[in-house]
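Numbering (our numbering), first residue to last: 9 to 160. Presented below is the structure to which this report refers.
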Amino acid sequence: MKTWLFKSEPSQYSIDDLARDEVTAWTGVRNYQARNFMRDDMRPGDRGFYFHSSCAEPGIVGFVEVVKRAYADPTQFDRKSRYYDAGAARAAPRWLNVDVKFAGKTRVVGLAELRSHKALKAMQVLQRGNRLSITPVTPAEWACIQRLLGNA
DNA sequence: GCCAACGTTGGC
DNA sequence: GCCAACGTTGGC
Numbered sequence: 009m010k011t012w013l014f015k016s017e018p019s020q021y022s023i024d025d026l027a028r029d030e031v032t033a034w035t036g037v038r039n040y041q042a043r044n045f046m047r048d049d050m051r052p053g054d055r056g057f058y059f060h061s062s063c064a065e066p067g068i069v070g071f072v073e074v075v076k077r078a079y080a081d082p083t084q085f086d087r088k089s090r091y092y093d094a095g096a097a098r099a100a101p102r103w104l105n106v107d108v109k110f111a112g113k114t115r116v117v118g119l120a121e122l123r124s125h126k127a128l129k130a131m132q133v134l135q136r137g138n139r140l141s142i143t144p145v146t147p148a149e150w151a152c153i154q155r156l157l158g159n160a
């Protein structure tokens, strides 16, 4: 079981949207590194933090669980989608997505709080210039944040 | 709205 | 294959 952080803009798709839908296809990833994480390393049963970005209170707001391995992202073939990719062929899909399931809300653990813990100093989402929408979370980072949330 | 950081594109 | 230009992200 690996652990991850999934970033999403709440104005696009928030933790409450996921709580309502229960399961969602994590489509729209158009970054090769993030795609490779899903394709090569993510498996059903993996856990993740749900992180709100580009909003008033950026931070961790909940948990998700990966429930389906990466498969071809249908939005790359949809001309009407903002994620349409003219360079993607059905026979050789360029973009993939996993399915994730809602696994609970947390209080907002904001960036300042995350940065205040030495154990999280190297956490990818906290690095300057970080733009990856999916990042791996180390076991130590995962445990530290669980403690912050009173879950350990 | 600003600006730093980064990925991608395309001319050469 | 280099690298400048450009577009996007995202915290503040």
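Glycine is no exception: its CB is placed at the ideal position from the N, C-alpha and C atoms.
Per DSSP, which one or two residues make a beta bridge with residue i?
{"i": "Leu13", "result": "Phe57 and Thr143"}
{"i": "Tyr21", "result": "Its beta-bridge partners do not exist; DSSP assigns none."}
{"i": "Thr32", "result": "Val108"}
{"i": "Lys113", "result": "Gly70"}
{"i": "Ala99", "result": "None; Ala99 has no bridge partner."}
Starting from residue i, trace the beta strand (DSSP E) in both directions and tell me its first and last residue.
{"i": "Arg43", "result": "Note, Arg43: premise wrong, no beta strand (DSSP E); alpha helix (DSSP H) at Tyr40 to Asn44."}
{"i": "Lys76", "result": "Gly67 to Ala80"}
If you measure from the CB of residue i, is any heavy atom of the ligand MG nearer than 7 Å?
{"i": "Leu104", "result": "This structure does not include the ligand MG; it has no bound ligands of any sort."}
The alpha helix (DSSP H) that contains residue i, what's its start and end?
{"i": "Arg123", "result": "Leu119 to Arg123"}
For residue i, count neighbouring C-beta atoms within 10 Å of its own C-beta (all shown protein chains included) and say buried if the count is 16 or more, exposed if not.
{"i": "Ser19", "result": "exposed"}
{"i": "Gly53", "result": "exposed"}
{"i": "Ala120", "result": "exposed"}
{"i": "Asn39", "result": "exposed"}
{"i": "Ala64", "result": "exposed"}
{"i": "Met9", "result": "exposed"}
{"i": "Val133", "result": "buried"}
{"i": "Gly56", "result": "buried"}
{"i": "Lys88", "result": "exposed"}
{"i": "Asp81", "result": "buried"}
request  = Report yes or no: do three or more beta-carbon pairs, one from the segment 106-123 and one from the segment 55-73, lie closer than 8 Å?
outcome  = yes
task = Examine the Cβ distances between the segment 93-101 and the segment 145-155 and report whether three or more of them are shorter than 8 Å.
result = no
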